[in-house]
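Once you know that position 48 of the sequence shown is 48 in full-length UniProt numbering, the rest is easy, because the numbers rise by one and skip nothing. Reviewing the structure listed below.
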Amino acid sequence: MYEVEVKVRADLDAVRDRLADLDATGTRRVRQVDTYYDAPHRDFAETDEALRIRRETVAGGANDDGGGAATKVTYKGPLVEAESKTREEFETAVADGDAAEGILGGLGFSPAATVEKDREFFELDGYTVTLDNVAGVGEFVEVEREAVEPEIESAREGAYVVLRDLGLDPDDQIRTSYLGLLLRSQDMPNDTPE
Numbered sequence: 001m002y003e004v005e006v007k008v009r010a011d012l013d014a015v016r017d018r019l020a021d022l023d024a025t026g027t028r029r030v031r032q033v034d035t036y037y038d039a040p041h042r043d044f045a046e047t048d049e050a051l052r053i054r055r056e057t058v059a060g061g062a063n064d065d066g067g068g069a070a071t072k073v074t075y076k077g078p079l080v081e082a083e084s085k086t087r088e089e090f091e092t093a094v095a096d097g098d099a100a101e102g103i104l105g106g107l108g109f110s111p112a113a114t115v116e117k118d119r120e121f122f123e124l125d126g127y128t129v130t131l132d133n134v135a136g137v138g139e140f141v142e143v144e145r146e147a148v149e150p151e152i153e154s155a156r157e158g159a160y161v162v163l164r165d166l167g168l169d170p171d172d173q174i175r176t177s178y179l180g181l182l183l184r185s186q187d188m189p190n191d192t193p194e
């Protein structure tokens, strides 16, 4: 399965207003803290891959189940096309984030950087629209959908339609990950995908 995603910088208040006008369905608000890892056996910046542990907390407090942060481990492969941020992605929930960190550390993976963001999710025309406020980087809108390989192009074109409906220009798309943008803002060399 592929994640077909387009991302642009945007004024989130203006996009919220447009989402309301379009009767988009707000689904949830979360805070995410993503720790990205360097591999001992290859340079993810060179291979355009990413490995991260994400800790997510529902905005305003604990998760729906009353627990602390939900934790997921994610691997993202290299971009598969030049037109969007489409890449193969594998993700799984883990019960114990500290244990996951210990496993990666024991295998020689080391934390590279942490990206913190507040996110609001909406559903519109079969796409997930995410409003992101990324610490140290700024405000962005992502439009995404999962697709099998033969549907990548049509999913991307549909994402462009959603962007236009939101008053945003697909030509302003940013293919650099939040991690890459954060590291650039800190003058640290790296371009690991997000």
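Glycine included, every Cβ here is placed at the ideal spot set by N, Cα and C. Treat the numbers as computed from the prediction; the structure is a model and nothing was measured.
- In the DSSP assignment, I103 is bridged to no other residue.
- About 7 Å separates the beta carbon of R28 from that of V58, a gap short enough to meet the 8 Å contact definition.
- In the same chain as E149, and ignoring 5 residues on each side of it, the C-beta atoms closer than 7 Å to its own belong to Y2, in chain order.
- Looking at the backbone, the Cα of A50 and that of G180 are separated by about 11 Å.
- Annotated as proximal: D172 and R9, with beta-carbon spacing under 8 Å.
- Taking 8 Å as the cut-off, the Cβ atoms of S84 and R156 count as close.
- Shown here, P111 sits in a strand according to DSSP, grouped into three states.
- Between the C-alpha atoms of Y160 and V6 there is a straight-line separation of about 8 Å.
- When the beta-carbon positions are compared, P78 and D48 come within less than 8 Å of each other.
- Taking 8 Å as the cut-off, the beta carbon of V73 is found closer than this to the beta carbon of I53.
- Take the alpha-carbon of S177 and the one of A147: they are about 20 Å apart.
- Residue pairing of R175 in beta bridges, as defined by DSSP: absent, with no partner found.
- Restricting attention to alpha helix (DSSP H) runs no shorter than 4 residues, the stretch 113-149 encloses none.
- Per the C-alpha coordinates, the member of D98, D118, E123 and R119 positioned closest to P111 is D98.
- Around E89, the same chain offers E3 and K76 as residues with beta carbons nearer than 6 Å, after the five sequence neighbours per side are excluded.
- Here D98 carries a helix assignment [DSSP, helix/strand/coil].
- Nearest in C-alpha terms to D13, of all of G167, A82, I152 and A135, is G167.
- Secondary-structure assignment with DSSP links F90 through a beta bridge to Y75.
- I174 has its alpha-carbon roughly 13 Å from the corresponding atom of G138.
- DSSP places L166 outside any beta strand (DSSP E), giving it a letter other than H or E.
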